[in-house]
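In what follows, a structure is listed as structure tokens, so that the remarks can point back to it.
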Amino acid sequence: MSKVVLRIDERGKLAGVDERNDRAYGRFRKKLAELQPGQTLAFEFRIPRSPKFHRLHFVMLNAIFTCQEVFTDNERMRKWLEVGAGHFDFVPGPGGDLIALPRSIAYEALDDAEFHDVHESVKAFLRTPHAYRYLWPHLNDERGEIMVEAILNEFES
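Heads up: the sequence shown is residues 0 to 156, going by numbering that gives the first Met the number 0.
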């Protein structure tokens with residue numbers, strides 16, 4: 000499968016980001032022009048993730064990590080939040096029981112829209128009694144909710 004990365008050039012036209020991508024885009028345009036009725040052509044596209052939004056997500060996670068009382072490892076907390084947000088697959092565990100395995104949130108794994116969905120799902124999970132009772136076990140529900148909202152309000156997008 001060919002991968003082509005495109006941009007709008009100085010003339011306002013769609014073009015490859017470099018010479019290799021420009022040649023690949025030219026092959027795609029040629030194939031598209033040669034397409035006959037009844038023939039098919041399949042392609043996928045991704046909207047690249049916004050680096051600014053990516054950083055915002057991780058700054059938010061760091062703020063949660065700094066304030067919470069349970070996790071000693073930021074990565075483990077992030078994985079717990081991703082599972083809580085529903086971003087996981089069930090896989091058989093060592094004893095045969097199904098366990099939740101977080102899916103990747105790497106740049107290549109999720110485009111911008113998919114990453115936004117994960118971000119919003121993490122925030123929704125953090126707002127559940129289960130999440131704030133776990134992260135702040137000494138707080139009652141009202142205080143736990145206030146804690147979550149105080150942190151998340153800084154990161155509303």
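Glycine included, each C-beta is placed from N, C-alpha and C at the ideal position. Small disclaimer: the values here were computed from a predicted structure and weren't measured.
In DSSP terms, what residue i is bridged to
i, result
"Gly83", "None; Gly83 has no bridge partner."
"Gly15", "Leu5"
"Pro91", "Leu97"
Sequence-distant residues of its chain with Cβ nearer than 7 Å to residue i (five each side left out)
i, result
"Val147", "Leu125, Arg126, Tyr131"
"Ile150", "Ala62, Ile63, Cys66"
"Ala172", "Residue 172 is absent from the model: the chain starts at 0 and stops at 156."
"Arg6", "Ala14, Val16"
Boundaries of the alpha helix (DSSP H) in which residue i is found, first to last residue
i, result
"Pro136", "Premise fails: Pro136 is in no alpha helix (DSSP H) and is neither H nor E."
"Ala23", "18-33"
"Ile63", "50-66"
"Phe124", "111-125"
Contacts around residue i, its chain only, beta-carbon distance under 6 Å, and the 5 residues preceding and following it disregarded
i, result
"Met76", "Phe64, Phe70"
Nearest neighbour of residue i, chosen from the options [CA to CA]
i, options, result
"Glu18", "Val3, Ala32, Leu60", "Val3"
"Phe114", "Leu55, Glu141, Pro128, Asp8", "Leu55"
Integer Cβ distance of residue i from residue j, believed to fall under 8 Å
i, j, result
"Lys29", "Leu40", "Not confirmed; about 11 Å, so no contact."
"Pro101", "Lys78", "5 Å"
"Phe87", "Glu81", "7 Å"
"Arg48", "Tyr106", "6 Å"
Cutoff 8 Å; reference residue i; Cβ partners in own chain excluding five residues on either side
i, result
"Ser103", "Leu109"
"Gln67", "Met76, Leu134, Trp135"
"Val58", "Phe154"
"Asp8", "Ala14"
"Asn73", "Leu60, Asn61, Phe64"
Closer than 7 Å: residue i CB and nearest the ligand ZN heavy atom
i, result
"Tyr133", "The ligand ZN is not among the ligands present in this structure, which contains no ligands whatsoever."
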